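As numbered in the numbering used here, residues 12 to 484 make up the sequence shown, in order.
Backbone N, C-alpha and C define an ideal beta-carbon position, used for all residues, glycine too.
Please read all numbers here as calculations on a predicted model, not as lab measurements.
For reference, the structure discussed in these notes is given below.
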Amino acid sequence: MRQSHAAFAAPESASIPLHVVGSEGLTAWLDTQPERVRTWLDAVGFTAKTGQTVCVPDAAGGLALAVFGLGDAQARIRGRMALGAARGKLPRGIYHLASGFEDDELPEQLLGWLLAGYRFDRFRHRTGGDADIPALKAPPRAEARRIEVLAAAEWLTRDLINTPASQMGPEELETSVLALADEFDAQVSVTYGDDLLHENLPLIHAVGRASDRIPRLLDLRWGHEGPRITLVGKGVCFDTGGLNIKPGASMGLMKKDMGGAATVIGLAMMIMALDWKVRLRVLIPAVENSISGSAMRPGDILTARNGLTVEVNNTDAEGRLVLADALALADEENPDALICMATLTGAARVALGPDLPPFYTDDEDLALALSDGAMVEADPLWRLPFHAPYEPLIEPGIADLDNAPSGGMAGSITAALFLRRFVQKTRRFAHFDIYGWQPSAMPGRPKGGQGQGARAVLWALPEVLGPDIENRE
Ligand code: BES
Ligand code: ZN
Ligand code: ZN
Numbered sequence: 012m013r014q015s016h017a018a019f020a021a022p023e024s025a026s027i028p029l030h031v032v033g034s035e036g037l038t039a040w041l042d043t044q045p046e047r048v049r050t051w052l053d054a055v056g057f058t059a060k061t062g063q064t065v066c067v068p069d070a071a072g073g074l075a076l077a078v079f080g081l082g083d084a085q086a087r088i089r090g091r092m093a094l095g096a097a098r099g100k101l102p103r104g105i106y107h108l109a110s111g112f113e114d115d116e117l118p119e120q121l122l123g124w125l126l127a128g129y130r131f132d133r134f135r136h137r138t139g140g141d142a143d144i145p146a147l148k149a150p151p152r153a154e155a156r157r158i159e160v161l162a163a164a165e166w167l168t169r170d171l172i173n174t175p176a177s178q179m180g181p182e183e184l185e186t187s188v189l190a191l192a193d194e195f196d197a198q199v200s201v202t203y204g205d206d207l208l209h210e211n212l213p214l215i216h217a218v219g220r221a222s223d224r225i226p227r228l229l230d231l232r233w234g235h236e237g238p239r240i241t242l243v244g245k246g247v248c249f250d251t252g253g254l255n256i257k258p259g260a261s262m263g264l265m266k267k268d269m270g271g272a273a274t275v276i277g278l279a280m281m282i283m284a285l286d287w288k289v290r291l292r293v294l295i296p297a298v299e300n301s302i303s304g305s306a307m308r309p310g311d312i313l314t315a316r317n318g319l320t321v322e323v324n325n326t327d328a329e330g331r332l333v334l335a336d337a338l339a340l341a342d343e344e345n346p347d348a349l350i351c352m353a354t355l356t357g358a359a360r361v362a363l364g365p366d367l368p369p370f371y372t373d374d375e376d377l378a379l380a381l382s383d384g385a386m387v388e389a390d391p392l393w394r395l396p397f398h399a400p401y402e403p404l405i406e407p408g409i410a411d412l413d414n415a416p417s418g419g420m421a422g423s424i425t426a427a428l429f430l431r432r433f434v435q436k437t438r439r440f441a442h443f444d445i446y447g448w449q450p451s452a453m454p455g456r457p458k459g460g461q462g463q464g465a466r467a468v469l470w471a472l473p474e475v476l477g478p479d480i481e482n483r484e
């Protein structure tokens with residue numbers, strides 16, 4: 012039912028024309044319109060400024076057409092998915108795009124429309140009323156199905172992040188992965204609690220063992236032929252900081268610390284729904300970074316899966332610990348592409364803000380493809396370097412690695428360098444230090460959980476692994 016807002020209206024439905032007009036094109040567009048429309052738009056003061064939405068009545072008092080303003084060229088560079096704003100302003104009904112976008116602008120705008128239908132109202136008794144959300148017929152020339160898949164996957168990601176930690180612990184995250192696996196005939200194996208020690212995943216155990224909610228590693232596999240794509244996502248269902256407890260203000264949003272897991276789950280859904288010819292694997296260490304007598308302590312030295320020893324100088328730098336084991340496991344198979352997504356550092360947000368996650372890779376082709384994909388898919392990313400001269404910062408002396416360098420310099424880079432120590436064989440490795448949260452509403456992006464980077468990766472992978480992976484025929 013809710014998912015219907017992530018789909019377009021049936022092509023045969025009767026629909027109201029929706030014209031999208033930029034301020035520079037307003038005069039020319041008005042010239043194409045009948046006198047009645049021009050008079051009305053003049054009367055209500057339509058100037059095509061960004062987000063301005065006007066309904067024009069017909070002679071009988073019905074709705075003849077709607078007009079949506081895009082603003083000037085500058086406003087269009089600043090914003091993205093502008094059409095998303097129209098969905099929140101138009102009256103209910105089914106619309107079709109009568110004028111406005113070039114073909115190459117359509118996918119982003121149509122996705123914006125679908126994403127603007129997202130609501131997280133599971134916990135609200137009085138909702139805005141779903142029936143009031145307007146619908147759009149996809150233009151015949153648009154890749155409607157692909158856009159619907161992207162939207163449905165992003166909805167899943169948002170739902171997973173928005174669900175409070177009380178209802179999205181390691182077990183519920185597992186249930187969500189099992190449900191997705193069921194839908195696409197994927198296989199999942201799970202390693203729980205003390206078995207993490209027997210299976211040589213000691214860092215996942217160390218981070219998760221203080222919680223009553225048993226830590227686990229989720230391992231999903233799908234597809235039987237083609238290149239190996241492995242996705243690893245940080246699944247810290249709540250991050251108290253551990254014994255180095257976070258102050259209240261920093262802990263408030265930490266239900267989103269499984270945002271990396273939520274994003275790779277969404278990305279996996281896209282790959283499976285689009286039926287890519289690949290061997291997909293998704294690894295999610297699902298834990299809660301909690302406090303109890305069995306919590307890991309500052310100063311403890313842990314031995315990771317690959318044998319490296321790590322001094323835990325801050326129990327709040329837990330993400331890199333759980334990812335270390337998961338990445339080492341992923342790397343053993345030497346996949347053709349290894350993608351890691353994590354809400355890993357506050358430093359990434361300080362450097363680039365909440366809307367522009369940094370990514371790290373040593374593979375120049377992958378870097379280029381990701382930067383291109385970020386533009387094409389309106390999924391902003393910015394490359395930061397694995398700056399080798401900072402390697403000494405993650406070497407404490409009494410162990411091989413330090414999980415929390417003192418000094419607080421280049422925190423996102425040092426975290427990335429730490430992760431890279433666990434990837435030895437895989438050539439195409441990229442790590443994304445995402446924020447996973449939209450702090451205030453923008454078109455297509457309500458405040459709350461937010462997938463970042465998944466669409467850019469989806470665009471980039473066929474560039475580096477070959478276009479054949481996209482076609483099963
Ligand atoms: N989950 C946090 C990172 C985070 C904080 C992401 C705020 C997004 C917003 C992570 O586990 C963490 O606490 N990292 C520490 C590392 C430090 C102790 C080296 C950080 O970034 O402060
Ligand atoms: Zn932390
Ligand atoms: Zn964390």
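- Secondary structure note for Gln-85: its alpha helix (DSSP H) is the uninterrupted segment 84 to 89.
- Partner residues in the beta bridge of Cys-351, as assigned by DSSP, are Val-243 and His-442.
- When C-alpha distances from Thr-168 are compared across Ala-155, Pro-238, Leu-184 and Pro-118, the shortest belongs to Leu-184.
- Comparing alpha-carbon positions, the option among Pro-118, Ala-260 and Lys-245 lying closest to Val-293 turns out to be Lys-245.
- Around Gly-62, the same chain offers Ala-96 as residues with beta carbons nearer than 6 Å, after the five sequence neighbours per side are excluded.
- Residue ranges of uninterrupted alpha helix (DSSP H) with 4 or more members, entirely inside the stretch 68 to 131 and ordered along the chain, are 84 to 89, 94 to 100 and 117 to 126.
- Residues of the same chain with a CB within less than 8 Å of the CB of Pro-22, apart from the 5 flanking positions on each side, are Lys-148, Ala-149 and Pro-151 in chain order.
- Per DSSP, the beta-bridge partners of Ser-200 are Asp-230.
- Around the beta-carbon of Lys-267, 16 or more other beta-carbon atoms lie within 10 Å, marking it buried.
- Between the alpha carbons of Ala-359 and Gln-178 lies a gap of roughly 28 Å.
- Phe-370 carries a strand assignment under DSSP once its states are collapsed to helix, strand and coil.
- In this structure, ligand 3 has a non-hydrogen atom nearer than 7 Å to the beta-carbon of Asp-250.
- For Glu-154, no alpha helix (DSSP H) run applies, since DSSP gives it neither H nor E.
- Per DSSP, Thr-314 is not a residue of any alpha helix (DSSP H); the beta strand (DSSP E) it occupies stretches across 312 to 314.
- The beta carbons of Val-67 and Ala-75 sit about 5 Å from each other, so the pair counts as a contact at 8 Å.
- Here the alpha carbons of Ala-339 and Asp-170 stand approximately 29 Å from one another.
- Ranked by Cα distance from Met-453, the options Ala-127, Ala-39, Ala-18 and Gly-80 are led by Ala-127.
- Looking only at Leu-334, Ser-15 and Arg-89, the smallest Cα-Cα distance to His-216 is reached by Leu-334.
- Nearest to Ser-34 by alpha-carbon distance, out of Ala-77, Ala-86 and His-16, is Ala-86.
- Look at the beta carbons and you see the stretch 379 to 388 not touching the stretch 280 to 294: under three pairs across the two are nearer than 8 Å.
- Phe-19 is the residue among Ala-190, Ala-427 and Phe-19 whose C-alpha sits nearest the C-alpha of Leu-108.
- Checking the 7 Å criterion, the Cβ of Thr-354 is within range of a heavy atom belonging to ligand 3.
- Non-local C-beta neighbours of Arg-103 in its own chain, meaning closer than 6 Å and more than five positions away in sequence, comprise Asp-143 and Pro-145, ordered along the chain.
- Short of 7 Å from the beta carbon of Ala-415, and not among the five residues preceding or following it, lie these beta carbons of its own chain, in chain order: Asn-324, Asn-325 and Ala-328.
- Around the CB of Pro-346, 16 or more other CB atoms lie within 10 Å, so the residue is classed as buried.
- Annotated three-state conformation of Ala-380 is helix, per DSSP.
- Under DSSP, Gly-459 takes part in a beta bridge, and its partners are Gln-449.
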